[in-house]
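Enquirer: Count along the sequence shown from 1, then add 912; that gives the number in my numbering.
Backbone N, C-alpha and C define an ideal beta-carbon position, used for all residues, glycine too.
For reference, the structure I am asking about is given below.
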Amino acid sequence: MYNRRKFIKDIAVASSIATSPFPASFIKNRFTSSQDKIWACLLHLSFNMWEEYISPHRPFRGYRPNLQFSEALWNKALHEMADQGLNMVVIDLGDGVKYESYPDIAVNNAWSVDKLKSELTKARKLGLEPIPKLNFSAGHDTWMGVYGRMVSTEPYYEFCSNIIKEVSDIFDQPRLFHLGLDEETFSHQSRQKHIVIRQRDAWWKDFYFLVEEVEKNNSRAWIWPDYFLWNEPEMFFKRMPKSVVQSNWYYGDDFSLKGRAPEGTPKVYYNKENKNKIYDSYSLAYLDIDAHGYDQIPTGSFHTNNATNIGRTVEFSKEHISDDKLLGFLQTIWKPTIEDSDRHSDMRYEDRIIKGIDLIGEAKKKYY
């Protein structure tokens, strides 16, 4: 349980938490040398992270009561990742597993715990380290079922604690545990029926709780930091623990630093005077994360016709981010793991997923 007394304690020690790194012995034992970067791809077991219904604007991501997943494509993708020299698969679990602690949230045909464990073994035999992802953003928690309507309540904290523990046990205490936490804004939820946005201390309270749950299960928390970083960077760098791995994401092509070099000390690339967009390009956030001493795994994508993005992300990061803080790279495709596509897509999902894997593999070969 997470009560008021604990919250007050967290707020009191927030500044010390934000500057205290994850135990050095843990990082040394759990992370490899700088020469052996993480080369990862995100694959989705569940895709119920957005609208609670099939919205016409993006019907592929609306809630489905049945598992939307092709095991044949999953197997093909894993083998393609291994062939391309990747070494990690991040699995978006959501409601695609019939958890022993909360079987009621599972969709029809969800994997059993034993099935998931067998697939983790398969991935490991291919040289792929499996990492769990559960998105705890209030904008991406459709997978939680009724618990997504209980954010910041005692039943919610109990649910989060139990589900993190069970998944940690299933994955045998993974090095990393991806908590999502992206896009918790009105604009990102504008088509959903139920909108929840945590702000200020309400967000930090829940965030510290989630990180603590991950760490007490012997893993390291990993997040997408856009919600606070892109909107309140000064607060973000003041209160964000160094223990948490950051995955800023940028899916465009603007990696230019021309005319953007900051002046003065400390050098920062955000402009807090620009209320509409604090970062001229979100690629610049990688530099601020590095300047403040955080470990990071930059995130690229091939969700649309942006085939150059992951390669340019790798090139830019290698040139500008401290090597010892650059843990690796994550490629995303943001499509369900099924062969066919809907009328909004110009590529079959299978082709896009395999191409996305190939693109990060090509970047690895070119730059490392």
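Starting from Thr1225, trace the beta strand (DSSP E) both ways and give me its first and last residue.
Expert: Per DSSP, Thr1225 belongs to no beta strand (DSSP E); it is in the alpha helix (DSSP H), 1221-1232.
Enquirer: Per DSSP, which one or two residues make a beta bridge with Asn978?
Expert: DSSP output for Asn978 lists Asn1020 as bridge partner(s).
Enquirer: Nearest to Glu1012 by alpha carbon, out of Lys1077, Glu1095, Leu1091?
Expert: Here the closest residue by C-alpha is Lys1077.
Enquirer: Is Glu1262 helix, strand or coil when you go by DSSP?
Expert: Residue state, collapsed to three classes: helix.
Enquirer: Ends of the alpha helix (DSSP H) at His991?
Expert: Unbroken alpha helix (DSSP H) run through His991: 983-995.
Enquirer: Please look up how many angstroms separate the CB atoms of Trp1161 and Asp1138, rounded, as I've assumed it's under 8 Å.
Expert: Going by Cβ atoms, the distance from Trp1161 to Asp1138 rounds to 7 Å, so yes, they are a contact pair.
Enquirer: Just list the residues that DSSP pairs Cys953 with in beta bridges.
Expert: In DSSP, Cys953 forms a bridge with Val1001, Gln1243.
Enquirer: Using a threshold of 7 Å, is the CB atom of His991 nearer than that to any non-hydrogen atom of the ligand FMN?
Expert: Judged by which ligands are present, the structure shown has none, so any question about the ligand FMN falls away.
Enquirer: Three Cβ pairs or more, each shorter than 8 Å: is that satisfied between the segment 1214-1221 and the segment 966-974?
Expert: No: the two stretches stay apart, fewer than three of their Cβ pairs being nearer than 8 Å.
Enquirer: Would a C-beta distance cut-off of 8 Å place Leu1046 and Leu979 closer than the cut-off?
Expert: Cβ distance not < 8 Å, so Leu1046 and Leu979 don't count as in contact.
Enquirer: My understanding is that Tyr1198 touches Trp1142, with C-beta atoms under 8 Å, so please give their C-beta distance in whole angstroms.
Expert: About 12 Å; that fails the 8 Å criterion.
Enquirer: Could you please give the first and the last residue of the uninterrupted beta strand (DSSP E) stretch that includes Lys1045?
Expert: That run of the beta strand (DSSP E) goes 1041-1045.
Enquirer: Look up Ile1076 in the DSSP assignment and give the residues it is bridged to.
Expert: Ile1076 is not bridged to any residue.
Enquirer: Jot down the residue ranges of each uninterrupted alpha helix (DSSP H) in the segment 1169-1209, minimum 4 residues, whole runs only, in chain order.
Expert: DSSP runs (the alpha helix (DSSP H)) wholly in the segment 1169-1209: 1197-1203.
Enquirer: So, are the CB atoms of Lys1276 and Gly997 less than 8 Å apart?
Expert: It is a contact, given that the beta carbons lie within the stated cut-off.
Enquirer: In angstroms, rounded to a whole number, what distance separates the CA positions of Ala1035 and Glu964?
Expert: Spanning the two alpha carbons is a distance of roughly 31 Å.
Enquirer: Span of the alpha helix (DSSP H) holding Ala877?
Expert: Nothing can be reported for residue 877, as the shown portion of the chain is limited to 913 through 1280.
Enquirer: Use the C-beta contact count for Pro1210: other C-beta atoms within 10 angstroms, 16 or more gives buried, fewer gives exposed.
Expert: Label assigned to Pro1210: buried.
Enquirer: Are the CB atoms of Leu1088 and Ile1043 within a distance shorter than 8 Å?
Expert: Their beta carbons are under 8 Å apart, which means Ile1043 touches Leu1088 by this criterion.
Enquirer: Distance, Cα to Cα, Ile1201 vs Phe1148?
Expert: When rounded, the distance between both Cα atoms is 10 Å.
Enquirer: Under DSSP, the beta strand (DSSP E) around Arg1132 begins and ends at which residues?
Expert: Counting along the chain, the beta strand (DSSP E) containing Arg1132 begins and ends at 1132-1135.
Enquirer: I'd like the span of the alpha helix (DSSP H) that includes Ser1099, first residue to last.
Expert: First-last of the alpha helix (DSSP H) with Ser1099: 1098-1101.
Enquirer: Does DSSP put Ala1275 in a helix, in a strand, or in coil?
Expert: DSSP places Ala1275 in helix when its eight states are reduced to three.
Enquirer: Can you tell me whether Thr944 is helix, strand or coil according to DSSP?
Expert: Confidence in Thr944 is poor, its pLDDT being 49 and thus under 50, which makes the residue's placement unreliable; the coordinate value appears in the next sentence. Coil.
Enquirer: Please classify Leu1122: does DSSP put it in a helix, a strand, or coil?
Expert: Residue state, collapsed to three classes: helix.
Enquirer: Span of the alpha helix (DSSP H) holding Leu1141?
Expert: Leu1141 -> alpha helix (DSSP H) spans 1138-1141.
Enquirer: Provide the residue span of the beta strand (DSSP E) that contains Phe1089, from first to last.
Expert: Phe1089 -> beta strand (DSSP E) spans 1088-1090.
Enquirer: Would Ser1064 and Arg1112 be called neighbours here (beta carbons separated by less than 8 Å)?
Expert: Not in contact: Ser1064 and Arg1112 (Cβ atoms no closer than 8 Å).
Enquirer: Give the DSSP-derived three-state secondary structure of Gly1008 in the structure shown.
Expert: Gly1008 falls in the coil class under three-state DSSP.
Enquirer: What is the residue span of the beta strand (DSSP E) that Thr1249 lies within?
Expert: That residue, Thr1249, is in no beta strand (DSSP E); it is neither H nor E in DSSP.
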